[in-house]
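Undergrad:
In the UniProt record's numbering, the protein residues as written are 1 to 559.
#1: Classify residue 176: buried if its beta carbon has 16 or more other beta carbons within 10 angstroms, exposed otherwise.
#2: Leaving out the 5 sequence neighbours to the left and right, which residues in its chain are closer than 7 Å to residue 388 when beta-carbon positions are compared?
#3: Can you tell me where the alpha helix (DSSP H) with residue 537 in it begins and where it stops?
#4: Check this for me: beta carbons of residue 135 and residue 98, under 8 Å apart or not?
#5: Using the beta-carbon count (16 or more within 10 Å), is residue 497 buried or exposed?
#6: How many Å lie between residue 326 and residue 398 at the Cα?
#7: Helix or strand or just coil, what does DSSP make of residue 394?
#8: Assess, as a yes-or-no matter, whether the stretch 144–153 is touched by the stretch 254–264 under the definition of 3 or more beta carbon pairs within less than 8 Å.
#9: Among residues of its own chain, excluding the 5 on either side of residue 353, which ones have a beta-carbon nearer than 7 Å to its beta-carbon?
#10: Ordered along the chain, which non-local residues of its own chain (more than five positions away) have a Cβ less than 6 Å from that of residue 401?
#11: Identify every residue that forms a DSSP beta bridge with residue 159.
#12: From this set, 543, 545, 492, 554, which residue's C-alpha is nearest residue 72's C-alpha?
#13: Check whether the Cβ atoms of residue 161 and residue 181 sit closer than 8 Å, and answer yes or no.
#14: For the beta strand (DSSP E) containing residue 187, name the first residue and the last one.
#15: I need the boundaries of the beta strand (DSSP E) containing residue 120, first residue and last residue.
#16: Would you kindly work out how many angstroms separate the C-alpha atoms of residue 544 and residue 292, rounded to a whole number?
#17: Could you give the DSSP three-state label for residue 130: helix, strand or coil?
#18: Is it the case that the Cβ atoms of residue 201 and residue 232 are separated by a distance below 8 Å?
#19: Would you give the residue range spanned by the beta strand (DSSP E) that residue 173 belongs to?
#20: To which residues of the same chain is residue 505 closer than 8 Å at the C-beta, ignoring the five residues directly before and after it?
#21: Decide if residue 451 is buried, meaning its Cβ has at least 16 other Cβ atoms within 10 Å, or exposed.
#22: Whose C-beta lies closer than 6 Å to the C-beta of residue 127 among residues of the same chain, with five residues either side of it excluded?
#23: The ligand FMN and residue 77: does any heavy atom of the ligand fall closer than 7 Å to the residue's C-beta?
#24: Cβ of residue 268 within 8 Å of Cβ of residue 250?
#25: Whole angstroms are fine: how far does the CA of residue 484 sit from the CA of residue 314?
#26: Determine contact between the stretch 461–480 and the stretch 237–251, defined as no fewer than three beta-carbon pairs at a distance below 8 Å.
#27: Does the separation of the CB atoms of residue 178 and residue 158 fall below 8 Å?
#28: Would you call the CB atoms of residue 373 and residue 340 closer than 8 Å?
#29: Is residue 502 helix, strand or coil by DSSP?
#30: So is residue 138 buried or exposed if we call it buried at 16+ other beta carbons inside 10 Å?
#31: Answer yes if the stretch 298–315 comes into contact with the stretch 210–223, meaning at least three C-beta pairs across the two stretches below 8 Å, and no otherwise.
#32: Apply the 10 Å Cβ neighbour rule to residue 338 and answer buried if 16 or more other Cβ atoms are within range, or exposed otherwise.
#33: With C-beta atoms as the reference, is residue 432 less than 8 Å away from residue 499?
#34: Along the chain, where does the alpha helix (DSSP H) containing residue 557 start, and where does it finish?
#35: Whose C-beta lies closer than 7 Å to the C-beta of residue 117 among residues of the same chain, with five residues either side of it excluded?
#36: Determine the burial state of residue 419: buried for a count of at least 16 other Cβ atoms within 10 Å of its Cβ, exposed for fewer.
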């Protein structure tokens with residue numbers, strides 16, 4: 001084990017500027033074979049720079065499968081009789097307001113089903129609405145006039161960003177008007193002294209991060225869907241992502257906000273200061289409200305200084321108990337430079353490799369993998385700490401094998417094994433996703449319990465007769481957030497009966513949360529009681545009634 005630790009330390013010290021310089025001399029330099037394989041994988045099968053959910057193109061997979069109408073999947077839903085039906089007169093008003101034809105997709109006066117379909121269906125092909133009108137405002141004033149008119153005419157609306165959500169929150173259920181924020185995508189300013197970024201809600205997350213990166217800063221949120229998702233949608237769902245361990249929740253990162261209420265009132269709280277202790281902090285209500293209280297149009301986000309020294313390592317681990325030990329040691333030894341600690345089980349990595357192919361970073365397969373990232377300001381200091389950590393966890397047999405990325409390309413490749421899970425496991429037909437918070441000691445137990453339950457029901461198997469392909473778990477170990485995923489060949493009511501409410505009851509018994517970062521949307525609306533008591537739910541409903549008495553904002557969801 002000590003020899004292996006020295007080999008890993010050699011990888012950490014081998015500062016190759018190009019991947020090709022690592023491959024040939026690997027044996028002579030005594031670097032692990034895994035490092036050479038990783039370099040080869042980077043060269044032959046690196047992922048694109050931008051991970052765009054909108055470009056999924058698996059042949060013969062869920063990408064080509066038509067979604068059922070949400071109302072067919074949820075037959076208990078009924079259209080709210082208070083809401084008006086769209087008429088040509090309504091459409092005429094919006095066309096006059098927005099001016100250009102491209103800002104209105106009109107399915108009332110013409111057949112626009114193909115153009116509206118991307119707004120009517122989620123990328124997992126699990127939810128499908130019946131929207132016939134999409135509006136694309138270009139300013140806060142236009143959003144205000146749209147909502148004022150809709151509120152007066154009792155027209156229900158669904159705010160939509162990049163449509164990368166996982167719980168049906170951004171998809172209409174019936175014929176609600178979709179208000180797409182894509183045209184409102186301006187980055188207004190960035191203060192290089194304070195790190196405050198002022199931008200529109202329709203800005204793509206990766207664009208925002210690249211903007212501040214050019215100025216030596218980092219956006220406090222990172223997601224696998226960064227190439228498609230909008231920052232307004234991120235804030236509306238209170239997305240957690242891969243950087244929460246280091247930079248915390250968006251509740252702390254959002255300094256200011258502009259939002260439009262259902263009656264058209266503009267709430268302007270665009271403070272760029274970190275301290276503002278004057279009255280109720282109303283913007284916090286909109287963070288995680290999923291568009292049920294109004295539409296976020298503009299934001300001020302606190303960005304941190306980008307760390308010049310970044311290291312990423314991937315480990316193979318033989319048990320969940322040892323994964324917990326590795327996390328404890330990482331917190332103890334890497335402390336202030338630890339920026340991510342991700343857990344992936346062997347099933348998730350097997351399925352990713354099965355779909356994507358390429359060379360695996362580690363030679364052998366393991367029950368668990370951990371990906372850690374360190375970010376600091378002093379390269380020598382960080383390397384020294386990382387070396388000590390690696391030596392300790394290897395010599396104490398906490399980890400069985402590992403590899404450290406040598407450059408930015410290899411960093412992207414290692415991260416791709418984590419970020420590629422969501423997309424790859426949908427390859428067979430679909431995925432049931434449960435985004436949960438569970439005390440760390442129990443976090444992975446739910447994966448084994450759910451797998452056993454599905455097997456006993458005869459629903460999990462290798463043939464097409466079985467709807468379930470496999471059960472897997474991965475997520476953010478740094479904040480006890482597990483993504484329990486059930487990869488399926490088709491969505492099946494029998495599978496759902498086995499899963500729900502069992503999963504939520506399991507979580508409730510351990511005082512966990514049924515939604516850690518994906519939100520409630522339509523999928524979890526009826527299960528909020530497993531994580532919130534009646535008093536809290538009652539207060540939420542009072543807030544909803546106060547802000548949106550007509551209920552036009554993203555109806556049928558959340559609470």
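Note that CB positions come from ideal geometry on N, CA and C, so glycine has one too.
Remember, it's a predicted structure, so these values are computed and weren't measured experimentally.
TA: The structure says:
#1: As a working note, residue 176 is residue 176 in the chain shown. Buried is the label assigned to residue 176, since at least 16 other Cβ atoms lie within 10 Å of its Cβ.
#2: By one-based count along the chain shown, residue 388 stands at place 388. Excluding residues up to 5 positions away in sequence, 333 lie with their Cβ nearer than 7 Å to the Cβ of residue 388 in the same chain.
#3: The residue you call residue 537 lines up with position 537 of the chain shown. That run of the alpha helix (DSSP H) goes 534–547.
#4: Working through the chain shown from its first residue, we reach residue 135 at position 135. Working through the chain shown from its first residue, we reach residue 98 at position 98. With contacts defined as CB atoms closer than 8 Å, residue 135 and residue 98 qualify as a contacting pair.
#5: The count along the chain shown starts at 1 and reaches residue 497 at position 497. So residue 497 counts as exposed.
#6: Indexing the chain shown from 1 puts residue 326 at position 326. Indexing the chain shown from 1 puts residue 398 at position 398. Approximately 6 Å, taken between the alpha carbons.
#7: Numbered from 1 along the chain shown, position 394 holds the residue referred to as residue 394. Reduced to three states, the DSSP call for residue 394 is helix.
#8: In short, these stretches touch, since the Cβ pair count reaches three.
#9: For the purposes of this step, residue 353 is identified with residue 353 of the chain shown, where counting begins at 1. Excluding sequence neighbours, residue 353 sits near 360.
#10: Counting from one through the chain shown, the residue named residue 401 turns up at place 401. The beta carbon of residue 401 sits closer than 6 Å to the beta carbons of 316, 362 from its chain, once the five residues preceding and following it are set aside; these are given in chain order.
#11: Residue mapping note: residue 159 aligns to position 159 of the chain shown, counting from 1. Its beta-bridge partners are 179.
#12: As a position in the chain shown, residue 72 is number 72, starting the count at 1. Comparing Cα positions, the closest option is 492.
#13: Along the chain shown, one-based indexing puts residue 161 at 161. Along the chain shown, one-based indexing puts residue 181 at 181. Between residue 161 and residue 181, the CB-CB gap stays under 8 Å.
#14: The count along the chain shown starts at 1 and reaches residue 187 at position 187. Element bounds for residue 187: 187–190.
#15: What you label residue 120 is simply residue 120 of the chain shown in a count that begins at 1. Under the DSSP assignment, residue 120 falls outside any beta strand (DSSP E), being part of the alpha helix (DSSP H) whose first and last residues are 113–120.
#16: Indexing the chain shown from 1 puts residue 544 at position 544. Indexing the chain shown from 1 puts residue 292 at position 292. The alpha-carbon separation between residue 544 and residue 292 amounts to approximately 7 Å.
#17: For this step, residue 130 is matched to residue 130 along the chain shown. Note: residue 130 maps to coil in three-state DSSP.
#18: Here residue 201 refers to the residue found at position 201 of the chain shown. Here residue 232 refers to the residue found at position 232 of the chain shown. Their beta carbons are under 8 Å apart, which means residue 201 touches residue 232 by this criterion.
#19: As a working mapping, residue 173 is identified with position 173 in the chain shown. No beta strand (DSSP E) contains residue 173, which DSSP labels as neither H nor E.
#20: Numbered from 1 along the chain shown, position 505 holds the residue referred to as residue 505. Exclusion of the five residues before and after residue 505 leaves 530 as the residues of its chain whose Cβ lies within less than 8 Å of its Cβ.
#21: Position 451 of the chain shown, counted from the first residue, corresponds to residue 451. So residue 451 counts as buried.
#22: The count along the chain shown starts at 1 and reaches residue 127 at position 127. Within the same chain, residue 127 has close Cβ partners 70, 168, 171.
#23: Judged by which ligands are present, the structure shown has none, so any question about the ligand FMN falls away.
#24: Against the chain shown, residue 268 aligns to sequence position 268. Against the chain shown, residue 250 aligns to sequence position 250. At a Cβ-Cβ threshold of 8 Å, residue 268 and residue 250 do not count as neighbours.
#25: As a working mapping, residue 314 is identified with position 314 in the chain shown. As a working mapping, residue 484 is identified with position 484 in the chain shown. Pairing residue 314 with residue 484, the inter-Cα distance amounts to about 21 Å.
#26: Yes: the two stretches touch, three or more of their Cβ pairs being nearer than 8 Å.
#27: Start at 1 with the first residue of the chain shown, and residue 178 comes out as number 178. Start at 1 with the first residue of the chain shown, and residue 158 comes out as number 158. Yes.
#28: Against the chain shown, residue 373 aligns to sequence position 373. Against the chain shown, residue 340 aligns to sequence position 340. Yes, the Cβ-Cβ distance between residue 373 and residue 340 is below 8 Å.
#29: Position 502 of the chain shown, counted from the start, is the residue given in the question as residue 502. Helix, per DSSP.
#30: Translated into positions along the chain shown, residue 138 becomes position 138. It counts as buried.
#31: Yes: at least three Cβ pairs fall under 8 Å.
#32: Here residue 338 corresponds to residue number 338 of the chain shown, with the count starting at 1. Buried: at least 16 other Cβ atoms inside 10 Å.
#33: What you label residue 432 is simply residue 432 of the chain shown in a count that begins at 1. What you label residue 499 is simply residue 499 of the chain shown in a count that begins at 1. Yes, the pair counts as a contact, with Cβ atoms nearer than the cut-off.
#34: As a working note, residue 557 is residue 557 in the chain shown. Unbroken run through residue 557: none, as it is neither H nor E.
#35: Residue 117 sits at position 117 when you count from the first residue of the chain shown. Correct list: empty, nothing qualifies.
#36: Position 419 of the chain shown, counting from 1, holds the residue named residue 419. Here residue 419 is buried: its Cβ has 16 or more other Cβ atoms, across all protein chains shown, within 10 Å.
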